[in-house]
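Input: a single structure, listed below in structure tokens.
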Amino acid sequence: MAELSLTINNRGYTVSCDDGQEAHLTNLAAHLDQLVQDLVSQVGQVGEARLLVMASLMVADELAEAYDRIAELERGQDAPAPAAGNGAIEAEVAQAVESCASRLEAIAARLEGS
Numbered sequence: 061m062a063e064l065s066l067t068i069n070n071r072g073y074t075v076s077c078d079d080g081q082e083a084h085l086t087n088l089a090a091h092l093d094q095l096v097q098d099l100v101s102q103v104g105q106v107g108e109a110r111l112l113v114m115a116s117l118m119v120a121d122e123l124a125e126a127y128d129r130i131a132e133l134e135r136g137q138d139a140p141a142p143a144a145g146n147g148a149i150e151a152e153v154a155q156a157v158e159s160c161a162s163r164l165e166a167i168a169a170r171l172e173g174s
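Quick note on numbering: the sequence shown equals residues 61 to 174 in our numbering.
Next up, the structure:
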């Protein structure tokens, strides 16, 4: 079993993982740290626990959207059109980003009010 030292929001965490999973876990931690840094730039340092909860909710939201997208594709409801260009993909990504941003703002507003 491997042991890694990860940094999230400038704080070190030591975690264990299966041998060979070090790079994957490091990438996951980097993604989480980026989410936390984005939150800090939006709401400030509102406390480590609060930031990690907010970032965790964002990751859970990303996962839920991915599950929904997989289910749509498996049902064949959203098969990509052969002529669809990058503009269609960019519009879909922009809509997903806007949706996440709106959800994040609502979460931040609730946390700031508590």
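No residue lacks a Cβ here, since even glycine has one placed at the ideal position from N, Cα and C.
On a predicted model such as this, the values are computed, not experimentally measured, just so you know.
Who are residue i's beta bridge partners in DSSP?
i: G107; result: Paired residues: none, contrary to the question.
i: S65; result: T74
To the nearest angstrom, how far is it from the Cα of residue i to the Cα of residue j?
i: L92; j: G136; result: 32 Å
i: E14; j: A120; result: No information on residue 14 is available, as it lies outside the stretch 61 to 174 that the chain covers here.
i: S76; j: T86; result: 11 Å
i: L123; j: L64; result: 24 Å
i: S159; j: V106; result: 23 Å
i: V153; j: E125; result: 12 Å
i: E134; j: I149; result: 19 Å
Excluding the 5 residues preceding and the 5 following residue i in the sequence, name in chain order all residues of the same chain whose CB lies nearer than 8 Å to its CB.
i: R71; result: E108
i: Q155; result: none
i: T67; result: Y73, A89 and D93
i: Q97; result: N69
Closer than 7 Å by C-beta to residue i: which residues in its own chain qualify, once you throw out the five before and the five after it? Chain order, please.
i: L99; result: L111, M114 and A115
i: A151; result: none
For residue i, which residues from the same chain have a beta carbon less than 6 Å from its beta carbon, with the 5 sequence-adjacent residues on both sides left out?
i: A62; result: C77, D79 and E82
i: L95; result: A115 and M118
If you run the structure through DSSP and keep just helix, strand and coil, what is residue i?
i: Q81; result: coil
I'd like to confirm something about residue i: is its beta-carbon nearer than 6 Å to some heavy atom of the ligand HEM, or not?
i: A109; result: Among the components of this structure there are no ligands whatsoever, and the ligand HEM is therefore not found.
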